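Throughout the sequence shown, residue numbering follows this note's numbering, covering 45 to 428 in sequence.
For reference, the structure is listed below as structure tokens.
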Amino acid sequence: METRIVCHRCRQKFTATANAEVVYCPHCHADNPNRPVRKPSSASSLEHGKISPRLIGKSMKEKMRKLLHGDAPKPSVSTSPSSKIIVTSHSKRFALDNSADAVPANKRAVLCGVSYKKWKYKLKGTINDVLNMKDLLTQKYGFEEQNILVFTEEKLDARLIPTKANIENSMRWLVKGSRSGDSLVFYYSGHGLRQPDFNQDERDGFDETICPVDFLKEGMIVDNDIYATIVKPLPKGVTLHAIVDACHSGTILDLEHVYDRQKGKWIDNSPPSGARKQTSGGLAYSISACEDDQVAADTSALNSKTMNGAMTFVLIEAVRGRGQGNITYGELLDSMEERIEQANQQGCLGGSRILTRLFGPNLTQKPMLSASEEFPVYKREFKL
Numbered sequence: 045m046e047t048r049i050v051c052h053r054c055r056q057k058f059t060a061t062a063n064a065e066v067v068y069c070p071h072c073h074a075d076n077p078n079r080p081v082r083k084p085s086s087a088s089s090l091e092h093g094k095i096s097p098r099l100i101g102k103s104m105k106e107k108m109r110k111l112l113h114g115d116a117p118k119p120s121v122s123t124s125p126s127s128k129i130i131v132t133s134h135s136k137r138f139a140l141d142n143s144a145d146a147v148p149a150n151k152r153a154v155l156c157g158v159s160y161k162k163w164k165y166k167l168k169g170t171i172n173d174v175l176n177m178k179d180l181l182t183q184k185y186g187f188e189e190q191n192i193l194v195f196t197e198e199k200l201d202a203r204l205i206p207t208k209a210n211i212e213n214s215m216r217w218l219v220k221g222s223r224s225g226d227s228l229v230f231y232y233s234g235h236g237l238r239q240p241d242f243n244q245d246e247r248d249g250f251d252e253t254i255c256p257v258d259f260l261k262e263g264m265i266v267d268n269d270i271y272a273t274i275v276k277p278l279p280k281g282v283t284l285h286a287i288v289d290a291c292h293s294g295t296i297l298d299l300e301h302v303y304d305r306q307k308g309k310w311i312d313n314s315p316p317s318g319a320r321k322q323t324s325g326g327l328a329y330s331i332s333a334c335e336d337d338q339v340a341a342d343t344s345a346l347n348s349k350t351m352n353g354a355m356t357f358v359l360i361e362a363v364r365g366r367g368q369g370n371i372t373y374g375e376l377l378d379s380m381e382e383r384i385e386q387a388n389q390q391g392c393l394g395g396s397r398i399l400t401r402l403f404g405p406n407l408t409q410k411p412m413l414s415a416s417e418e419f420p421v422y423k424r425e426f427k428l
């Protein structure tokens with residue numbers, strides 16, 4: 045007996061035997077869980093316009109739950125030890141099992157794409173985002189696939205589901221054993237929120253957060269914790285890039301220097317409390333989808349074939365546009381913002397009743413650069 049499958053990566057249809065747990069797409073060779081094609085439900089996704097918003101929450105979890113779930117039950121994530129585990133890479137076994145026997149590779153990455161697929165308002169572009177980012181890392185920057193951990197809800201290994209515990213474990217793995225010359229990448233595509241800051245270390249009075257798939261139950265991951273886990277421990281000679289495609293992600297790493305593109309200069313973002321948010325000698329960069337008080341979007345307007353996070357799509361487009369050459373940080377920011385503004389002017393963000401209800405008639409996002417040190421943005425090349 046055969047079933048009809050739609051590849052989660054290239055969206056092409058193909059047939060597979062019904063008794064196989066994992067099948068491989070003959071078009072792009074991606075592995076897929078053996079799930080038959082189902083007719084889409086009009087109530088399960090946003091079909092009012094081209095863009096699914098990365099939802100903004102103003103206050104409490106209950107409001108978020110009502111908005112995101114509607115009448116749907118809470119999403120559940122299986123972390124049972126008996127869950128099916130398919131892991132073939134030695135490097136990934138080392139990462140997930142917290143073994144201390146292996147020396148970490150000098151280029152490694154954590155890529156998280158949270159689609160909230162059991163929610164009423166799921167994100168449709170996040171899996172495409174992580175797959176595209178993985179291709180960029182391996183094809184242009186020489187990362188080896190076995191040194192990249194990819195977290196999505198489609199994974200059969202329970203340890204690769206983007207839960208709060210799994211993401212936090214992966215961040216610890218990313219920086220553990222770092223040595224001079226290492227290049228680390230943390231990528232996240234999903235919902236982002238903000239909450240009141242009670243430590244007086246935020247200039248706008250709010251902590252920025254990312255939302256794991258189980259955040260309504262386990263809580264969000266706050267910028268203070270992200271800083272403490274992957275920024276503060278960075279030793280001299282190690283470089284970290286965090287690329288975060290989420291709402292309110294501007295200062296998600298709590299780095300002390302923020303680049304103001306309009307003024308052409310660096311702005312002090314050090315905590316008002318007097319606390320220092322520095323590395324242990326290493327260098328940290330953050331490229332985020334928008335400023336702390338802005339929202340980011342999933343859209344098919346930039347690429348009519350697939351849904352993508354707007355920031356992720358334009359970043360990869362700008363980097364690949366240089367071919368074998370490299371782009372500077374300043375040129376990258378210019379290209380990303382100009383591309384998004386071009387899409388805005390073409391009206392790709394209009395026509396959605398959902399967006400108008402949530403955000404008003406206008407939706408804009410300005411990609412943002414922050415760093416652990418000031419540097420000449422039009423001279424230093426963007427390299428991962």
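For each residue, glycine too, the CB sits at the ideal point set by N, CA and C.
The structure presented is a predicted model; accordingly, all values stated were derived computationally and were not measured.
Would residue i pass as a contact of residue j if the rule is Cβ separation under 8 Å?
i: V194; j: L155; result: yes
i: V358; j: I384; result: yes
i: D267; j: T283; result: no
i: D245; j: S317; result: yes
i: D149; j: E188; result: What sits at residue 149 in the sequence shown is Ala, not Asp. Closer than 8 Å, so yes.
i: G186; j: K164; result: no
i: I360; j: N176; result: yes
i: S227; j: L428; result: yes
Please determine, among the options, the residue with the shortest C-alpha to C-alpha distance to residue i.
i: D179; options: N210, N243, T356; result: T356
i: N210; options: P256, Q190, M177; result: P256
i: Q409; options: Q386, G263, S416; result: Q386
i: I274; options: P315, W163, C334, L327; result: L327
i: I265; options: K276, I296, N370; result: I296
i: T207; options: R216, S227, T196, L200; result: T196
i: Y160; options: I205, V219, T47, I360; result: I205
i: A286; options: P420, T47, S414; result: S414
i: S324; options: M215, S222, G169, M177; result: S222
i: W217; options: G369, T182, I192; result: I192
i: R320; options: V302, D298, G308, C334; result: D298
i: E382; options: Q183, P411, I171, E417; result: P411
i: P420; options: S379, G294, K309, I171; result: K309
i: C334; options: G236, F426, P315; result: G236
i: N243; options: Q183, P315, C51, A272; result: P315
i: E5; options: H301, Q368, D378, F426; result: Any answer about residue 5 is impossible in this case: the structure gives the chain only from 45 up to 428.
i: G369; options: N172, Y303, F426; result: F426
Considering residue i, what are the terminal residues of the alpha helix (DSSP H) in which it resides?
i: V363; result: 354–364
i: I274; result: Here I274 belongs to no alpha helix (DSSP H), and DSSP marks it neither H nor E.
i: A209; result: 208–219
i: T182; result: 170–184
i: F259; result: 259–262
Looking at the secondary structure, which residues open and close the beta strand (DSSP E) in which residue i lies?
i: S233; result: 227–233
i: T283; result: 283–289
i: I331; result: 327–332
i: L237; result: 236–240
i: S159; result: Per DSSP, S159 belongs to no beta strand (DSSP E) and is neither H nor E.
i: K199; result: Note, K199: premise wrong, no beta strand (DSSP E); not H, not E.
i: K309; result: 309–312
i: M412; result: 412–415
i: F426; result: Unbroken run through F426: none, as it is neither H nor E.
i: E252; result: 250–254
Pull up the CB-CB distance for residue i and residue j, whole angstroms please, since I reckon it's below 8 Å.
i: R247; j: N352; result: That pair is no contact at about 31 Å.
i: S241; j: D251; result: Residue identity check: residue 241 is Asp in the sequence provided, not Ser. Confirmed, Cβ separation roughly 5 Å.
i: T372; j: R424; result: 6 Å
i: V363; j: P277; result: In fact, because the Cβ distance is near 27 Å, the residues do not count as touching under 8 Å.
i: Y422; j: G374; result: 4 Å
Original post:
Would the stretch 231–241 and the stretch 279–292 be scored as touching if the rule is three or more Cβ pairs under 8 Å?
Top reply: Segments in contact, yes.
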